[in-house]
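First comes the structure, then the notes that go with it.
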Amino acid sequence: MKDINNRNFLVNTVDDIIENEKFEEPLVLSNTLDYPDPVISESVPKINEEVFKELNIKNQGDCLFDYDGTLVEIKPKPEDAKPTKELIEFFLKHKDRIVLCTGRAQEIIDSWFPKGIRVYAEHGAMFRNSEGEWEFLNGATKGVIQEVKDLICYYSLRLKDSIVEKKTCGYAFHFKLCKQPNAELIVKKLIRDLSNLRLVYKGFSVIRGNGVIEIKQGCKGAVAKNCNHWMVAGDDVTDEYMFANAPNALKVKVGQGPTSADYFVDSVQDFLNFVSFVLSE
5 MKDINNRNFL VNTVDDIIEN EKFEEPLVLS NTLDYPDPVI SESVPKINEE
55 VFKELNIKNQ GDCLFDYDGT LVEIKPKPED AKPTKELIEF FLKHKDRIVL
105 CTGRAQEIID SWFPKGIRVY AEHGAMFRNS EGEWEFLNGA TKGVIQEVKD
155 LICYYSLRLK DSIVEKKTCG YAFHFKLCKQ PNAELIVKKL IRDLSNLRLV
205 YKGFSVIRGN GVIEIKQGCK GAVAKNCNHW MVAGDDVTDE YMFANAPNAL
255 KVKVGQGPTS ADYFVDSVQD FLNFVSFVLS E
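Residue 5 is where the sequence shown starts when you use the numbering used here, and the numbers rise one by one after that.
Structural data, given as structure tokens:
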């Protein structure tokens, strides 16, 4: 690995982070493409079967769904979120209606989801059609800048129980399992250093999600804007870009909290129940 400790935008030791606790986390440059940022509302109404009937919405066209936190519960270890047999059967039953849009890597998609299920992987950097054929989207390319890789490896060694997930077009730095007292400070410093790299090297973006930092080339907003989906659903920060770029879709957030979606449901199970009802109509 390159000697990255001498770069002026990197912290030299974890102690340096602890001594500098008052630094401000930077504005993360999360959207590399020219798509609108989300307009967040503090609260939106809950949707269920009865509310949906009252809306009298024409139920046709594709549904664009996030995976982790939307169709399966968030797991501390990414590999533990493998879909059940029942969920795969549900996807295949509705393969002409459901399209997945996930941050998961190409390799995971091919391992977990059989042909017939359409998937936008790595936040929309790649697409797999129903025949299992892949293509890069929006200028995404294989690989990642070496300095980004070095930086992530540097912090992984300093944050116990962190997990580095390598993807075709980027990385995910998972810190859900990190319990050391200064973990949050280290995470913030990593975000700041990645953002500084982002100012030097174009073509990738950095965003903090639920227990993960995503270094990616894709943007879910591009997927939502370039395709006419009837319903869009997600649970995390990256999914807000789908909501912001799908003005005509029924937008549903899984979980409570501020969002740019139209409605919310309380849990993954509530969403699965709702989708089963909607697609049976």
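All C-beta atoms in this analysis are idealised placements derived from N, C-alpha and C, irrespective of residue type, glycine included.
Three-state secondary structure (DSSP) at R101? coil
DSSP state of H178, grouped into three classes? Reduced to three states, the DSSP call for H178 is strand.
Check whether the Cβ atoms of E139 and M130 lie closer than 8 Å to each other. yes
Measure the alpha-carbon distance for V272 versus A237 and round it to whole angstroms. Distance between the alpha carbons of V272 and A237 is about 11 Å.
Looking at the unbroken alpha helix (DSSP H) that takes in V55, where does it start and where does it end? E53 to L59
Answer yes if the region 236 to 256 comes into contact with the region 162 to 176, meaning at least three C-beta pairs across the two stretches below 8 Å, and no otherwise. no
Alpha helix (DSSP H) segment containing L75, residue limits: It is not in any alpha helix (DSSP H) - L75 carries neither H nor E in the DSSP assignment.
What three-state label does DSSP hand L159 in the structure shown? Contrary to the premise, residue 159 reads as Tyr rather than Leu in this sequence. Note: Y159 maps to helix in three-state DSSP.
Tell me which residues share the same chain as L198 and place their Cβ nearer than 6 Å to its Cβ, disregarding the 5 neighbours each side in the sequence. V210
Compare the C-alpha of T145 against each of I113, K89 and K206 and name the closest. K206
Per-residue DSSP class, three states only, for Y205: coil
Is it the case that the Cβ atoms of W234 and Q110 are separated by a distance below 8 Å? Against a cut-off of 8 Å, the Cβ pair of Q110 and W234 comes out as no contact.
For chain B, find out if any of its Cβ atoms is closer than 8 Å to the Cβ of Q110; answer yes or no. The chain labelled as chain B is not found in the depicted structure, where only one protein chain is given.
CB of R122 within 8 Å of CB of R132, strictly: yes
With which residues is Y267 paired in a DSSP beta bridge? V256
I need the straight-line Cα distance from Q184 to I102, nearest angstrom please. 40 Å
Kindly indicate which three-state DSSP category A144 falls into: helix, strand or coil? Coil at A144, not helix or strand.
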